[in-house]
Structure formats: structure tokens, C-alpha cells
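Participant:
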Amino acid sequence: MDGSSLYAGGFRDAPVDAAHAFRAAMTAMARPGDIRRIAGAAPPAPLSVAAGTLLLTLCDPETRVHLGGTVDTDAVRQWLSFHTGAPHCAAAEADFALGSWADLMPLSRYRIGTPEYPDRSATLIVECDRLENTGAVLSGPGIRDTARLSLPDADALQGNATLYPLGCDFFFTCGDRVAALPRSTTIRAEG
Amino acid sequence: MSDYNFAYLDEQTKRMIRRAILKGLAVPGYQVPFASREMPMPYGWGTGGVQVSAATLTPEDRLKVIDQGADDTTNAVSIRKFFERTAGVATTEATQEATVIQTRHRIPEAELTEDQILVYQVPIPEPLRFLEPRKTETRKMHSLQEYGLMHVKLYEDISQHGAISTAYAYPVRVADRYVMDPSPIPKFDNPKMEMAAIQLFGAGREQRIYAVPPYTRVVSLDFEDHPFEATKADHPCDLCGAGDSYLDEVIMDDAGNRMFVCSDTDYCRSRREEAA
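Going line by line, the protein sequences match chains A and B. Residue 64 in UniProt numbering sits at position 64 of the first sequence; the count goes up by one each step and never skips. Residue 249 in UniProt numbering sits at position 249 of the second sequence; the count goes up by one each step and never skips.
#1: Using a Cβ-Cβ cutoff of less than 6 Å, which residues in the same chain neighbour THR134(A) once the five nearest sequence positions on both sides are dropped?
#2: Taking C-beta pairs closer than 9 Å, name the residues in chain B that VAL16(A) reaches, listed in chain order.
#3: Please report how far the alpha carbon of THR27(A) lies from the alpha carbon of ARG36(A), in whole angstroms.
#4: Please state if the CB of LEU9(B) and the CB of ALA211(B) are separated by a distance shorter than 7 Å.
#5: Could you spell out the range, first to last residue, of the beta strand (DSSP E) harbouring GLU126(B)?
#6: If we define contact as Cβ-Cβ less than 7 Å, is THR92(B) a contact residue for chain A?
#7: Using beta carbons (cut-off 7 Å, strictly below), is ASP119(A) in contact with chain B?
#8: How should ASP115(B) be labelled, buried or exposed, when 16 other C-beta atoms within 10 angstroms of its C-beta is the threshold for buried?
#9: Starting from the beta carbon of TYR215(B), find every residue of chain A whose beta carbon is closer than 8 Å, and list them in chain order.
#10: Hey, could you find the ends of the beta strand (DSSP E) ALA163(B) is sitting in?
#11: Would ALA97(A) pass as an interface residue toward chain B - the criterion being a Cβ-Cβ separation below 7 Å?
#12: Which whole-angstrom value is the C-beta distance of THR53(A) and GLY40(A), which I expect to be below 8 Å?
#13: Start and end of the beta strand (DSSP E) containing LYS64(B)?
#14: Name, going along the chain, the residues of the region 102-129 of chain A whose beta-carbon falls closer than 9 Å to a beta-carbon of chain B.
#15: Grouping DSSP H, G and I as helix and E and B as strand, with all else coil, what is ILE21(B)?
#16: Between GLN12(B) and the rest of its own chain, which residues show a CB-CB distance below 6 Å, the 5 nearest in sequence each way excluded?
#17: Return yes when the Cβ of VAL27(B) is within less than 7 Å of the Cβ of PRO165(A), no when it is not.
#18: Helix, strand or coil for residue 278(B) per DSSP?
#19: Please list, in chain order, the chain A residues whose beta carbon lies closer than 7 Å to that of ILE21(B).
#20: Going by other Cβ atoms of all chains shown within 10 Å of its Cβ, with 16 needed for buried, is GLY243(B) buried or exposed?
#21: In chain B, what lies closer than 7 Å to GLY82(A) by C-beta?
#22: Could you tell me which chain A residues have their CB closer than 9 Å to the CB of MET16(B), listed as they occur along the chain?
#23: Which residue wins for smallest C-alpha separation from GLU224(B), given the options GLU109(B), ALA55(B), ILE164(B) and PRO59(B)?
#24: Name, in chain order, the residues that DSSP records as bridge partners for THR186(A).
#25: Once DSSP output is grouped into helix, strand and coil, what is the label at LEU124(A)?
#26: Using only the alpha-carbon positions, how far apart do ARG205(B) and ASP181(B) sit?
#27: Kindly confirm or deny that the region 53-72 of chain A and the region 101-116 of chain A touch, where touching means at least three C-beta pairs closer than 8 Å.
#28: Measure the CB-CB distance between CYS59(A) and TYR110(A) and report whether it falls below 7 Å.
#29: I'd like the list of long-range same chain contacts for MET1(A), defined as Cβ closer than 7 Å, with 5 residues on each side in sequence excluded.
#30: Which same chain residues, not among the five before or five after GLY64(B), have their C-beta less than 6 Å away from its C-beta?
#31: What residue does the beta strand (DSSP E) around HIS83(A) start on, and which one ends it?
#32: Would you tell me roughly how many angstroms separate the C-alpha atoms of ALA169(B) and LYS232(B), rounded to the nearest one?
#33: For the region 56-72 of chain B and the region 80-91 of chain B, state whether three or more C-beta atom pairs, one from each stretch, are separated by less than 8 Å.
#34: Can you find the residues in the same chain that come closer than 7 Å, C-beta to C-beta, to PRO141(A), ignoring five residues on each side of it along the sequence?
#35: Just the chain B side, please: which residues come within less than 9 Å of ARG37(A) by C-beta, in chain order?
#36: How many Å lie between MET1(B) and PRO108(B) at the Cα?
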């Protein structure tokens, strides 16, 4: 990676870009299954715009980030360090973990919070090849009746939901789109 | 110096608050600790709500601020001006036009939509605080769902007064898990909490953020033989005639004359404008 692209790709207007991005991320987390547009960052390959934007919006020197297999490249590490200052770490310590579903497995590696502090759990940002409102049926807080979302592995995510109120929370990213799946969502595999 | 960062707070503070909001939405009703900042207003004036609003606002938003339902009281006016100046956002008094509504102690009468966010100012986020003063203990009680004490408190209400006399900050159970203080809204407003909008709660002095996503089950605690009742003054509004809105009782003179008026000033005004 040449020096110029390491410094490029950040927010143009950080307060405003981050505000827009957070609103998309928050709406996605509040309405599991909703797919929102999120943009503003131009991260190095192989990161999607959505994943890069989420990192710039939520990560800083106070958050430990784990990069899974295919996204753990020098270019991504340097870009993330320059723009956020977030320390890299192993999966077990991560506040945020980034990668494809295969990169990030198994789920048991991540912090799920403690009974007294369920918020101290990892948020996984999962890069997906497709993101659409088909497949697993979701219900629970934030969903009027039911919603559908193409989940990478409904079984593993069901297992995570059974830990409630503990467990990980997920963002799924694809291009400049994001959806979320909090641990509170009940998942039924496609019938 | 006259320039502020967008919405006053620095970006790192906003990221910290935003991370707390996301965890709050993921675990509805659970109080997420956050590093509350000093704000240019005293504790008790909505510093928690202001920080949550600051982390949530975008430049395109239209902000409404209410204090006990009113848009024109000191607290509401000063917070509205604060964000006009530091975030440059448009403001409104009309509930339907607002995208973000910061509130102290009321939920607007008009039904909120999916495109709106309701931010509550919370003085004491811990529903168990007056039953168990130790934070270490209340945290344990939440982790174990040890909520019997709250039912004892409601039962004592019944044994002393013949009915549950708790009239505001009436405890609710969120998504069948956490017992939550809905902030000091009248219990009349409790049934509205199962709404289409996102609800965020900020307690500045107590350094807690919590949330209720749209369409989340919110149940007011009660007993089979003493079911929850959303009560209000048994009277129509003396200004607009509404029989379905929450009323303030206003003392008119020393002779004991009084009138009842809608606490939601926008609701009352729009009804009177329609009638005119």
C-alpha cells in the first residue's frame, strides 16, 4: 500500500458523516432486519464501504478491534490505526470484530458480557456477499410482526440468542448497506 | 469563541455515547453505564437527554423539546435554543413534524411514527433505588431478575391505600426481562410505550443510558386482582375539550377555583385551531 491511500478514505466532514452513519446503524440495530444505506468512508480493499464507515463511526483508541483472516491485511491495519487509533487484539478481547462469517467463527471466542454487565460484549461486523430480506424469520424487540434477513448461519445465531441477555450483537455489511441483529432477536430458520 | 463542534460534544464523546446506545437497544431496558460529561447546564436540567440527543441528531433533523408536555417552559426553550445554536438543526413545536423529540416527563398525545425518535430525560434510572440503595445490590438483583421487592412495594400500596397509588415513574417490565423506570412520566403514558418510534433514555448525573426499540413488549407491573390502570384527572380539558388527554390541574385564585388543561400544549393548541 502506498502512503497516500493509507491517509485517504476517511470522513470528509467527520461530525456530519459520523452522525448520518450512526443514525443508519442505530436504526438498523433498533429494527432488526431493516437494511439501511451507510456510507462516508472509502476503506482499502477488501473492506466494504459499510464496514469501513461503521469502524470510523464506532471505533477509537478506547475500543479493541479484532480483524478476522481475510481482512487482516497490512493495508486494513494501517488504515484503521491511522483513522481511528483503535488497538488490534485477539478475538477473545475484542469490542468489535470484523471479517467474513468464515473469518470470524467460532462464535464462542467472543465476549458475551457478564450477568451484571451484559453490555460488555463483542459487536461483530460481518462482511456478506449478499444482504437481502429473505431467509430466516426474525421476531422480537424492534420488529412489528416478523422480518426476514439473509443470515450467514441461522443455527449459530440462534445459539447466540439463547444466551440472552448475554451474547454478541451483529452488523451485516454488503457494499454500502447495513443490517443488524441484536441478541434479543428470536430467529426461526426458513420454513 | 463562537464555533462549536456539531451538536456541541466532541466526536470521541459521541462515539462513546453511541456505543452505549447500541448496547442499550440490543438489551432493551438494561441500564448501560456511560461516561457522562459536564454539560453547560446543571444536573437535573436534562443533561442525560441532551447528551443522547447530541449523539443522535443529524443536521437534517427537526427537533422538538417538551417539559411536562409543554414546549414553552424554561427547560424546553433553553434546550431547544442550545441545539439551534450548537447543531444548527431546525426546531418545531408540532409533534408530527419533529424527527427527534426530547422529553421531560411526558409522552406526546399524538401517536409517534417509525420515523421519529423519543429521547427521555431521566433523573433516577434505577427502579429499585428507593427499595435498595446499594448499586452493587441492585445490579445483582437485575442480573438475577430478583424483582419480588418491587411487587412487595406495589402490594404495600394496595394494603395501605386500597389501590396502587404509584402515579408516575410506574415500573415496567421490558421484553419480559428487565424491570425499567420509564422516567417520571405519569402512568397514563405507560401504555403508549409500545410504540413505533425508537425510545432512548439518558440519565446524566447517574451516568446511565437505556433504550426500548420499536414494538417492544412493555408491561406495567400489576396483580391479577389489581390490574394496572392508566389514570388521569376525570375531567375534559377546559380549553380544547379533549377527554382523552392527560391534564394539568391549574389553581386559578385563592378561592379554590381551578381548571384542567391538557399537559401536551401542542395537542391542545392544534385541537383548538382545528375547532376554530
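Just so it is clear, CB atoms sit at the ideal spot from N, CA and C, and this is done for glycine as well. This structure is a prediction, so every number in the text was calculated from the model and none was measured.
Facilitator: Here's the rundown:
#1: Numbered from its first residue, the first sequence carries residue 134(A) at position 134. Contacts found: ARG148 and SER150.
#2: Stepping through the first sequence from its first residue, residue 16(A) is reached at position 16. Listed by position along chain B, the residues whose Cβ is nearer than 9 Å to that of VAL16(A) are PHE6, THR58 and PRO59.
#3: As a first step, residue 27(A) is located in the first sequence; it is residue number 27 there, counting from the start. As a first step, residue 36(A) is located in the first sequence; it is residue number 36 there, counting from the start. Those two C-alpha atoms are separated by around 8 Å.
#4: The residue you call residue 211(B) lines up with position 211 of the second sequence. The residue you call residue 9(B) lines up with position 9 of the second sequence. It is not a contact, given that the beta carbons lie outside the stated cut-off.
#5: Numbered from 1 along the second sequence, position 126 holds the residue referred to as residue 126(B). Unbroken run through GLU126(B): none, as it is neither H nor E.
#6: Sequence index remark: in the second sequence, residue 92(B) carries index 92 (1-based). With 7 Å as the cut-off, THR92(B) does not count as an interface residue toward chain A.
#7: Residue 119(A) sits at position 119 when you count from the first residue of the first sequence. True, the Cβ-Cβ gap to chain B drops below 7 Å.
#8: For this step, residue 115(B) is matched to residue 115 along the second sequence. It is exposed - the Cβ of ASP115(B) has fewer than 16 other Cβ atoms within 10 Å.
#9: The residue you call residue 215(B) lines up with position 215 of the second sequence. Residues of chain A passing the Cβ test: PRO141, GLY142, ILE143 and ARG144.
#10: Here residue 163(B) is taken as the residue at index 163 of the second sequence, counted from 1. No beta strand (DSSP E) contains ALA163(B), which DSSP labels as neither H nor E.
#11: The residue you call residue 97(A) lines up with position 97 of the first sequence. By this cut-off, ALA97(A) is not an interface position.
#12: Start at 1 with the first residue of the first sequence, and residue 53(A) comes out as number 53. Start at 1 with the first residue of the first sequence, and residue 40(A) comes out as number 40. Right, their Cβ atoms sit about 5 Å apart.
#13: Within the second sequence, numbered from 1, the residue matching residue 64(B) stands at position 64. Element bounds for LYS64(B): 62-67.
#14: GLY113, THR114, PRO115, GLU116, TYR117, PRO118, ASP119, ARG120, SER121 and THR123
#15: Along the second sequence, read from residue 1 onward, the residue named residue 21(B) stands at position 21. DSSP places ILE21(B) in helix when its eight states are reduced to three.
#16: Residue mapping note: residue 12(B) aligns to position 12 of the second sequence, counting from 1. Once the five neighbours on either side are set aside, GLN12(B) has no close Cβ partner at all.
#17: As a working mapping, residue 165(A) is identified with position 165 in the first sequence. As a working mapping, residue 27(B) is identified with position 27 in the second sequence. In contact: PRO165(A) and VAL27(B) (Cβ atoms closer than 7 Å).
#18: What the structure shows of chain B is the stretch from 1 to 276, and residue 278(B) is not part of that stretch, so it cannot be assessed.
#19: Here residue 21(B) corresponds to residue number 21 of the second sequence, with the count starting at 1. Neighbours of ILE21(B) in chain A, taken as residues whose beta carbon is under 7 Å from its own, are MET26 in chain order.
#20: The sequence position of residue 243(B) within the second sequence is 243, counting from 1. Label assigned to GLY243(B): exposed.
#21: Taking the first sequence and counting its residues from 1, one reaches residue 82(A) at position 82. The residue you asked about is not Gly; residue 82(A) is Phe in the sequence shown. For PHE82(A), no chain B residue has a C-beta closer than 7 Å to its own C-beta; the minimum C-beta separation is roughly 15 Å.
#22: Within the second sequence, the letter at position 16 stands for residue 16(B). Here the neighbours are ASP60 and GLU62.
#23: By 1-based counting over the second sequence, the position of residue 224(B) is 224. Comparing Cα positions, the closest option is ILE164(B).
#24: Counted from its first residue, the first sequence places residue 186(A) at position 186. Note: THR186(A) is bridge-paired with SER139(A) in the DSSP secondary-structure output.
#25: Here residue 124(A) refers to the residue found at position 124 when the first sequence is read from its first residue. For LEU124(A), the three-state secondary structure derived from DSSP is strand.
#26: Translated into the one-based positions of the second sequence, residue 205(B) becomes position 205. Translated into the one-based positions of the second sequence, residue 181(B) becomes position 181. Roughly 15 Å between the two C-alpha positions.
#27: Yes: the two stretches touch, three or more of their Cβ pairs being nearer than 8 Å.
#28: Translated into positions along the first sequence, residue 59(A) becomes position 59. Translated into positions along the first sequence, residue 110(A) becomes position 110. No.
#29: Residue mapping note: residue 1(A) aligns to position 1 of the first sequence, counting from 1. In this prediction, MET1(A) scores a pLDDT of 47, lower than 50, which makes its location untrustworthy; the coordinate-derived value is nonetheless stated afterwards. The beta carbon of MET1(A) is closer than 7 Å to those of PRO44, ASP74, ALA75 and GLN78 in its chain, skipping five residues each way along the sequence.
#30: Along the second sequence, read from residue 1 onward, the residue named residue 64(B) stands at position 64. The sequence shown places Lys at residue 64(B), rather than the Gly named in the question. Only THR92, ALA98 and ILE101 meet the Cβ criterion.
#31: The sequence position of residue 83(A) within the first sequence is 83, counting from 1. Where HIS83(A) is concerned, there is no enclosing beta strand (DSSP E), although the alpha helix (DSSP H) it sits in stretches over 74-84.
#32: Taking the second sequence and counting its residues from 1, the one referred to as residue 169(B) is at position 169. Taking the second sequence and counting its residues from 1, the one referred to as residue 232(B) is at position 232. C-alpha separation (whole angstroms): 14 Å.
#33: yes
#34: Here the question's residue 141(A) lines up with position 141 in the first sequence. Same-chain partners within the cutoff: SER184.
#35: As a working mapping, residue 37(A) is identified with position 37 in the first sequence. Here the premise fails: no neighbours, minimum Cβ distance about 14 Å.
#36: Locating residue 1(B) in the second sequence gives position 1, counting from the first residue. Locating residue 108(B) in the second sequence gives position 108, counting from the first residue. With a pLDDT of 45 at MET1(B), under the threshold of 50, the modelled position of this residue cannot be trusted, and the question is left open.
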